[in-house]
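Trainee: Have a look at this one.
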Amino acid sequence: DPGVGKTSLVQLLAGVQERDPPEQRGAGCPDAYERTLCVDGEETALLVTDPWEPERRGEESRPGGRCLQARNAYVVVYSIMDQGSFESVSKLRVQLRRGRRAQDVPIILVGNKTNLARCREVSVEEGRACAAVFGCKCLETSAVLQHNVAELFEGVVRQIRLRRGGGGCPTAAPPRKGSLAARARCFLDRLVAGNGRKAALRVRSKSCH
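For the sequence shown, the UniProt record's numbering begins at 1 and goes up steadily by one.
So, in structure tokens, the structure goes:
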């Protein structure tokens, strides 16, 4: 979803300001930034793209589009103060797996804007539960405070290395047909039901003031 802080996280990695013209672009992909990171004593050139900007939603910006076909990892971002964005990334996680059948492509679930914790709508436990259901790594960040941003991208590099080094499970038995969809449906149903209870509690809380 727009406004969750994807672009801010990418630009922090690249070391550019929002209004600075990007000097390093990925071939064929808008808003691509490259930076060399030293992770565990080894340098890696990491190319990060931000293809889901609202004005670019279309054939090339949706899952499976040209800019995403060769990706080695996905970072899926939601705002901890926006329950709707959390529901969106849960659905997007399923779409990504359908578009990329390889089970060894890492996906990292990121809850951004921890600097606004007083307005939190998505708990840490909900983020972890979502990650557990979908088999993702999860992390909370603050682009404003630059909290856990370096750890995020270093983690991306480690996950890619793990898969390339055979630490993933590409040769493991294939998952049961429909198992991911079933888990996703069950999780989303619980999420919607839980949101209804939260909304009712918020209404009752406001009525007491």
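Note that CB positions come from ideal geometry on N, CA and C, so glycine has one too.
1) Expressed to the nearest angstrom, what Euclidean distance is found between the alpha-carbon atoms of ALA14 and SER79?
2) Apart from the five residues just before and just after LEU9, which ones in its own chain have a Cβ nearer than 8 Å to its Cβ?
3) Report the residue from LEU12, GLY135 and GLY3 whose alpha carbon sits nearest the alpha carbon of ILE108.
4) Judging by CA-CA distance, which residue of THR44, LYS91 and GLU121 is the nearest neighbour of ARG158?
5) Can you list the alpha helix (DSSP H) stretches of 4 or more residues lying completely in the segment 76–139, in chain order?
6) How big is the Cα-Cα spacing for PRO106 and LEU47?
7) Between the Cα of ARG160 and the Cα atoms of CYS119, CYS138 and ARG71, which residue gives the shortest distance?
8) Buried or exposed for THR49, going by 16 or more other Cβ atoms inside 10 Å?
9) Measuring alpha carbon to alpha carbon, tell me which of GLU154, ASP82 and VAL89 ends up nearest GLY41.
10) Going along the chain, which residues of its own chain have a beta-carbon closer than 8 Å to the beta-carbon of VAL156, five neighbours each way excluded?
11) Taking only three categories from DSSP, how would you classify ARG35?
Mentor: Let's see:
1) 21 Å
2) By the criterion of a C-beta distance shorter than 8 Å, LEU9 is surrounded in its chain by VAL75, VAL77, VAL110, ASN112, THR141, ALA143, VAL149 and LEU152, once the five residues flanking it on both sides are discounted.
3) The candidate whose alpha carbon is nearest that of ILE108 is GLY135.
4) Checking every option, the nearest Cα to that of ARG158 belongs to THR44.
5) 83–99 and 124–134
6) Distance between the alpha carbons of PRO106 and LEU47: 15 Å.
7) Before going on, a small fix: residue 160 reads as Ile here, not Arg. Looking at the Cα atoms, ARG71 is the closest of the given residues.
8) buried
9) GLU154
10) LEU46, ALA73, VAL75, PRO106 and ILE108
11) Under the three-state reduction of DSSP output, ARG35 falls in the strand class.
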